[in-house]
Amino acid sequence: MKKENWQKLSPNERLEARMQSWLSPEGLKFASPEAERGYKERVTMVKDAIQLKKPVRVPVSPNIGFYPFTYAGITHKEAMYDYGKLGMALKKFHADFMPDSVSASPIYGSGKMFEILDYKLYRWPGHGISDTTPYQCMESDYMKADEYDDLINDPSGYFMRYYVPRICGSLGAFQLLSHVTDVVELPFLGGYMVPLGIPDVQKAFKKLLEAGDAAMEWIQACLAIDGYSMGTLGLPAVIGGFTKAPFDTLGDTLRGTRAIMIDKFKCPDKILAAVERWVPLAINMGVRSAEAANNPMAFIPLHKGADGFLSDSDFRKYYWPSLKAVILGLVKEGIVPWLFVEGAYNQRLDVVADPEIPKGTTVWMFDRTDMKQVQKKLGGWACFGGNVPASLLRTNSPQDVKDYVKRLLDDCAQDGGFILSTGQVVDDANPENLHALIEAGKEYGVYR
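Numbering (our numbering), first residue to last: 29 to 476.
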């Protein structure tokens, strides 16, 4: 659709256009009429749930992490370096369990690309941790306390010359680059180009190009893997784009947990200015990534807003206003914010059930929040789900899992607008228990 015509559409019309494109994706070839029918039925179930209707049944979309590799008998390291094994494992997992959604292959990343970049923000299987351990974030103050103004005044420049050189060792020389905004007239172009002649800078760019080659090899493999699961098995991807709450962007991997909590006392105004500055960037990231995936959902993991991280007053001051602005910005563009509420939000439900956010436009997936209270506060306003403990899939019996699912559906799913999922990412499980989760959802989740 032409840009001028798109601008004339209302948020609801934009969402419907994106939903229809997701329902009938251009370029996806189905292996059979059954696969196409299954794909469209599952997309319709999720769409109906989001829009607070009663679909044919509750969609079952467990949040799957590294479990498919354990299940297939390969290491996590092999999955991140050998794309043939990555594809084998994910195809086997999807075919054997048949959830209502694809566990997308790009979330695991490319170990080869990370090595080329000397990536320091995470440890990944075989690189700082064992071959069978999921990747782990290594928090630090990669952004220093006196750099708030640099971030606020020029976020892209700050990332290029400060943040990226600190988290990617191979790109350390990027700190020598000039400001691209200096290139406004002929006399200034030469000065901008000079750092590009420095040997260390040129070496860094060669590493960047090498990483780009590795990334292209990886993403082409991922597209083929997920294309098989969608086109042959009829399983849609329920997550398209990605973005973050501005406070989490600042507190997770820029300042780190300890530093951001100290900053609340030392420079509160700088935090507020930084999260406000980040709002349009977060909206843009969510829209761009969702459009690239041809999928109307933007995944937003919520971290430092959980009960116990911030007081209620700090949540209302530092966390919620900028997150709400991102949510509203995405909704305006016809994107569905898919919020993964990690930890507990028992103290936040009255705040997040904000009447200024249009009903039927968001998805809230909960971890440890009291689901009866979620139903009471969010029911009829937003689609929600989650909550099945990952530990239940590892330590209990299949009957325990089915009993839990049945109680959850009885408590929360009767009026529609519900998606069955796990409260945490599943990296380990007994296959019988995961089968029990999916089977119970499909059996008990039927609307009559």
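Beta carbons are placed, not taken as given, at the ideal position from N, Cα and C, and that holds for glycine.
Check: Go through its chain and collect everything with a Cβ distance to Q403's Cβ below 7 Å, but skip five positions before and after it.; Outcome: D439, C440
Check: Using three-state DSSP, classify L356 as helix, strand or coil.; Outcome: helix
Check: Looking at the unbroken alpha helix (DSSP H) that takes in Y432, where does it start and where does it end?; Outcome: 426-440
Check: Rounded to whole angstroms, how far is the Cβ of P329 from the Cβ of F368, which I believe are closer than 8 Å?; Outcome: 5 Å
Check: Helix, strand or coil: which one does DSSP assign to L149?; Outcome: coil
Check: Measuring CB atoms only, is the segment 340-355 touching the segment 281-301, in the sense that at least three cross pairs come out at less than 8 Å?; Outcome: yes
Check: Between F121 and chain B, is there a C-beta pair that is closer than 7 Å?; Outcome: Absent from the structure: chain B. Only one protein chain is present.
Check: Just the Cα atoms here: how many angstroms apart are E384 and L214?; Outcome: 49 Å
Check: Where does the unbroken beta strand (DSSP E) through A326 begin, and where does it stop?; Outcome: 325-330
Check: For L80 and H104, I'd like the C-alpha separation in whole angstroms.; Outcome: 38 Å
Check: Since F394 is in the alpha helix (DSSP H), which residue starts that stretch and which ends it?; Outcome: Unbroken run through F394 is the beta strand (DSSP E), 391-394; no alpha helix (DSSP H).
Check: Quick check on I299: buried or exposed, where buried means 16 or more other Cβ atoms within 10 Å of its Cβ?; Outcome: buried
Check: Could you name the residues that DSSP lists as bridge partners for V474?; Outcome: R85
Check: Can you name, in chain order, every residue of its own chain whose Cβ lies under 6 Å from the Cβ of A561, other than the five neighbours on each side?; Outcome: In this structure the chain extends from 29 to 476, so residue 561 is not present and cannot be described.
Check: Nearest to N374 by alpha carbon, out of T277, N415, T450, N91?; Outcome: N415
Check: Rounded to whole angstroms, how far is the Cβ of A63 from the Cβ of D254, which I believe are closer than 8 Å?; Outcome: Not a contact, Cβ separation roughly 14 Å.
Check: Restricting to Cα atoms, I'd like to know which of G200, L261, G336 is closest to K57.; Outcome: L261
Check: Who are the near neighbours of V130 in its chain, counting only those whose CB is closer than 7 Å to its CB and skipping five residues on each side?; Outcome: H122, D254, S257, M258, L263, P264, A265
Check: What is the rounded straight-line gap between the Cα of K400 and the Cα of D169?; Outcome: 39 Å
Check: So the candidates are Q48, L51, M73, W50; which of them puts its Cα closest to the Cα of K470?; Outcome: M73
Check: Let's see if you can read the secondary structure: which residues bound the beta strand (DSSP E) around C411?; Outcome: 411-414
Check: Look at the alpha carbon of M126 and the alpha carbon of D210, and state the distance between them as a whole number of angstroms.; Outcome: 54 Å
Check: Report back the beta-carbon spacing between P223 and S206 to the nearest angstrom; my notes put them in contact at under 8 Å.; Outcome: 6 Å
Check: Given a cut-off of 7 Å on the beta-carbon distance, is the pair P39 and K430 in contact?; Outcome: no
Check: In or out: S184 buried (at least 16 other Cβ within 10 Å) or exposed?; Outcome: exposed
Check: Using the beta-carbon count (16 or more within 10 Å), is W34 buried or exposed?; Outcome: exposed
Check: Can you grab the Cα-Cα spacing for the pair V71 / S52, in whole Å?; Outcome: 10 Å
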